[in-house]
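Chains as they are written, first to last, in the working numbering: chain A, 140 to 581; chain B, 7 to 238.
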Amino acid sequence: MEYRSQKIAYWYFAAALPLFALQILLGLYLAYSYTFTVPQSIVNVFPFATARAMHTNLLVLWMLLGFMGGTYYIVPEETKSEIYSEKLAYFQLIALLATGVAALVGFLFGWTQGRPLLEIPRPLDLVVVVGALIFLFNVAITMIKANRWTAIQGTLLGGLVFLALLYLFGIPFYKNEVIDWYYWWWVIHLWVEGAWELVSAAIFAFVLMKLTGVERQVVEKWLYVEIGLFLFTGIAGTGHHYYWIGAPRYWLWIGGIFSALEPLPILLMLIDTMMHVKERKTPIVNRLTWTYAVGCAIYHMIGAGVWGFLHTLPQINYYTHGSQVTVSHGHLAFFGAYALLNLMTFYYAMPRIKGIEVYDDTRGKYGFWIMCVAMMLMGLFFGVAGVIQSYVERVLGMGFMTAQSYMRLWMGSVFFVGLTFLAGVLLTVTDLLTLRPAKVRA
Amino acid sequence: MTKKIAFWIFLLGTIASAVVFLAATWDTHKQVATLSNVDKLSDRVVAGKRAFEKYNCNDCHTILGFGAYYGPDLTRVVQRIGEDGVRFRIKDPEKAFAKSFRKMPDLRVADTEIADMVAFFKWVGEVNNNDWPPQDSKKRLSRGEQAMVATVGVSPGAAVFQAKGCMNCHALRGTGGTFAPALDTVGRRKTLKEIEQYVRDPKSVNPKAQMPPQKELSDRELEEVAKFLSSL
Ligand code: HEM
Ligand SMILES: [Fe+2]
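Following this line, the structure appears as structure tokens:
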């Protein structure tokens, strides 16, 4: 750690980690509900819907905390200056956490906007917006005052501003369900296949550059090409969600063609990661951090690139749309692209903030492999369930619950592998919160 | 490639995609009124949407295929189970799903809200969305007809003829009703297209026809039954 204000990042990460664990706990409840019968009396007071709202909002919350923390860590080093206001940064953290907790507790009492992933009630949305403005202000002022622009900074700031702007489209009440879904995807798709890709590409480029010692010119050149491709394919690629909502038919073409190209930038990212690691100018010190970086690049490609491509063409999507195939992809993509990216950042930054040069990565290694393998299996089981569902319900036209009964075995398998995943998460979370120096090898 | 060229790739790629996307967005807004029957988007439908959101239904059910996957998709729920079916399930889920291994919460939804939601579902069900979901598609036979094709081995058209009650009035080989002409030789008198036209709207062929137009037949069912009859 070179700048005092980089310490802000630590608290963002430390706040994100328990939320990650809580997210998984609720996820297990969801998988359990798919497999076993939850009695009516419990369902009446704690419906599946409430648990799912908590599961997904916790995901978004901890990942955004991770991105913000990552930003606070990177910006001082990139601008060679302290963050404009540490106080604002801490205030914003507390505000965001308080909003998050209020929202989660609210869900338990049925206080909701009632739209998937955007359940946070509108009054709280306003607090989120204020918090986001403070964050952007703090970061932008730091960059502007320092005036040492780099591609990484530009991408990071651009991505964050884009991210915040898109959130606004999720706030109004839309009378027309078609229009509602149209703009819902401006938040969801343009986040994960647009703004978040920018933010994480910037963070990833930074960490990779620092880890491998490859020159900035090279890293940033790749970064431009990647974000260019991300936005070229991702913006019009939003159309892959407009096939069946009552939008004009040409979206089948626009969405199909552009989104089929979406794996390209991800593939490019994988290739350049491999190249940079191979041509590294520095020795591998903390091996686990490197493992996370390479793992993230590979898993990003599998979950988002391959799994996304599999069901993005309208001919296939007609049958898989809104089935467990979507769920399979959602899990692998979020885990591969964003969970691993955040955890990589945590493993990169947290030891440095604590002044640990070489950290003991025994527990962390187990955590990484348990999570990666368990999530891959979960993705496969969701996928099998999804294919069964697409065939039995969509192709054969049998009833919903008939299909569900055939899928039960696989959803049950998700639950049991999910328990293993939780073990990996708990190990990782504890490890990150109690990092210690490696014992000197004799 | 230099960094400068890379930057231009980024800039032009982004702008190109954004232009396509925004232009299509503009056009979508112009077309959506027709595609979603905005003339039928009444206050009641909007109230139904609000109720649907109030109870967070969408975090268990998909609608137009989006949401959670815990319960069945609701896009064409009124066409599938009827208005009464919808009302009953929301009003008394404990009874409705007594035998199911998956339960739906009793959220104590008010009767007016239920009525609003039914209006909302009805409206959504009529959105022109490229015929999704496939299980409720007009291009397929009903579940009963499929079962007859699969288990009794009749042709799809014969299954439609049987299942849709054509035989309440018409007879084949002496079985069936006598209220309307027997159809044993209809295929010699009429072409496939003529039969289709007649079944859909008898009065357009013969103004004095007494047969009611078979409006509830799906496109696929009409096609199959006409194929069957024209082969006789
Ligand atoms: C890291 C990037 C990505 C993440 C985190 C992600 C996540 C998700 C999630 C959570 C959903 C489900 C949303 C819902 O309906 O509730 C989804 C849907 C979808 N994604 Fe992705 N995705 C990513 C990248 C991609 C890419 C690159 C493609 C295509 C090549 C893709 C194709 C799709 C498609 C076609 C659907 C719609 C499924 C349906 O029919 O409902 N995704 N994605
Ligand atoms: Fe998408």
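Even for Gly, the Cβ is constructed at its ideal location relative to N, Cα and C. Note that the coordinates shown come from a computational prediction; the quantities given were computed from them, not determined experimentally.
Under the Cβ distance rule, Glu354/A does not count among the residues neighbouring chain B, no pair being separated by less than 8 Å.
Ser467/A counts as buried, since no fewer than 16 other beta carbons sit within 10 angstroms of its beta carbon. Contact residues of the segment 74 to 86 of chain B toward chain A are Ala74, Tyr75, Tyr76, Gly77, Pro78, Asp79, Thr81 (C-beta to C-beta distance below 9 Å). Residues of the segment 380 to 394 of chain A whose Cβ lies closer than 9 Å to any Cβ of chain B, in chain order: His380, Tyr381, Tyr382, Trp383, Ile384, Gly385, Ala386, Pro387, Arg388, Tyr389, Trp390, Leu391, Ile393. Closer than 8 Å to the CB of Val160/B there is not a single CB belonging to chain A. In terms of Cβ geometry, Gly461/A and Asp79/B form a close pair [threshold 8 Å].
Contact between the segment 543 to 561 of chain A and the segment 172 to 182 of chain A is present, with at least three C-beta pairs closer than 8 Å. Contact between the segment 240 to 252 of chain A and the segment 282 to 301 of chain A is not established, with fewer than three Cβ pairs separated by less than 8 Å. The Cβ-Cβ distance between Asp570/A and Gly494/A does not fall below 8 Å. With 16 or more other Cβ atoms from the protein chains shown falling within 10 Å of its own Cβ, Ser339/A counts as buried. Counting only residues whose CB is nearer than 6 Å to a non-hydrogen atom of ligand 2, the list in chain order is His328/A, Glu332/A, His379/A, His380/A. The C-beta distance from Asn183/A to Tyr223/A rounds to 50 Å, too long to meet the 8 Å contact threshold.
With the rule of 3 Cβ pairs closer than 8 Å, the segment 394 to 401 of chain A does not count as touching the segment 87 to 99 of chain B. Against Ala192/A, the close residues of chain B are Asn62, Asp65, in the order they occur along the chain (beta-carbon pairs closer than 8 Å). Chain order gives the chain B residues near Ser462/A as Tyr75, where near means a beta carbon separation below 7 Å. Contact between the segment 126 to 141 of chain B and the segment 524 to 541 of chain A is present: 3 or more CB-CB pairs across the two stretches fall below 8 Å. Judged by beta-carbon spacing, Gln454/A lies beyond the 8 Å limit of Gly525/A, meaning their Cβ atoms are not closer than that value. In chain order, Tyr363, Val364, Gly367, Leu368, Phe371 make up the part of chain A whose C-beta sits under 9 Å from the C-beta of Ile15/B.
Residue pairing of Gly182/B in beta bridges, as defined by DSSP: Ala177/B. Here Ile374/A is actually not in contact with Ala341/A; their C-beta atoms are around 18 Å apart, not less than 8 Å. For Lys314/A, the nearest beta carbon of chain B is closer than 8 Å to its own beta carbon. For Ile69/B, the chain A residues whose C-beta falls within less than 8 Å of its own C-beta are Glu316, listed in chain order. Exclusion of Ala57/B from the 7 Å shell around ligand 1 follows from its C-beta lying no nearer than that to any non-hydrogen atom of the ligand. Here the segment 24 to 39 of chain B lies against the segment 312 to 327 of chain A, with 3 or more beta-carbon pairs under 8 Å apart. Exclusion of Pro140/B from the 7 Å shell around ligand 1 follows from its C-beta lying no nearer than that to any non-hydrogen atom of the ligand.
Relative to ligand 1, the beta carbon of Phe301/A is positioned no closer than 7 Å to any heavy atom.
Annotated as proximal: Asn43/B and Glu132/B, with beta-carbon spacing under 8 Å. Taking the CA atoms as reference points, Ala153/A sits about 10 Å from Thr573/A.
Listed along chain B, the residues sitting closer than 7 Å to Trp320/A by beta-carbon distance are Leu70, Phe72.
Interface with chain A (8 Å Cβ-Cβ cutoff): Ala125/B is excluded. Restricted to the segment 53 to 116 of chain B, the alpha helix (DSSP H) segments that are unbroken, complete and at least 4 residues in length are 83 to 97, 99 to 102, listed in chain order. As DSSP reads the structure, Tyr498/A sits in a beta bridge with Pro576/A. Asn277/A is outside the set of residues whose beta carbon lies under 8 Å from a beta carbon in chain B. Around Trp288/A, the same chain offers Met282 as residues with beta carbons nearer than 8 Å, after the five sequence neighbours per side are excluded.
Here Asn174/B is exposed: its Cβ has fewer than 16 other Cβ atoms, across all protein chains shown, within 10 Å. Interface annotation, Thr157/B: not in contact with chain A, CB-CB separation never under 8 Å.
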